[in-house]
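Here this note's numbering is used: the first residue of the sequence shown is 49, the next is one more, and so on. These notes concern the structure reproduced below.
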Amino acid sequence: MKRETLLHTLAHRDGGYVCRYCKRPLDPTSYNWNNRAGSLTIDHYVPLSAGGSDELDNMVLSCRFCNMDKGAKLPIQWSSERGIKLKKMKPRPSKPRNKESK
Ligand SMILES: [Zn+2]
């Protein structure tokens, strides 16, 4: 999957280009800008090192700050340390909707 497609898919699933954790709006053109606030990254919700998968279900949009800060911690552990309320992961839709033609 192309990166742009992946970003779009995640944004569509999660309601826009917004950090999963701090809700900061993300600039879709800012993918992996170095060390800039608002920079968009893709985070493994459950870190690979903790047994997370490399599937879409386990990927979320995150700002660079949260991504770096969370690191290899489990989301539940990190969020309780930070006092962040996490949204539940949505189950994967059984069929991709094709409303948008492009
Ligand atoms: Zn964030």
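For glycine and all other residues, C-beta sits at the position ideal for the given N, C-alpha and C. Fair warning: this is a prediction, and the values are worked out from it, not measured in the lab.
Nearest to residue i (by Cα), restricted to the options the options
i           : options           : result
residue 124 : 63, 69, 54, 51    : 69
residue 136 : 118, 106, 114, 96 : 106
residue 132 : 66, 109, 71       : 71
residue 112 : 127, 79, 98       : 79
Backbone secondary structure at residue i - three-state DSSP
i           : result
residue 88  : strand
residue 123 : helix
residue 116 : helix
residue 109 : strand
Beta-ladder partner(s) of residue i, from DSSP
i          : result
residue 66 : 73
> So which residues put a beta carbon under 7 Å from any heavy atom of ligand 1, going in chain order?
Replying inline: 67, 69, 70, 72, 110, 111, 113, 114
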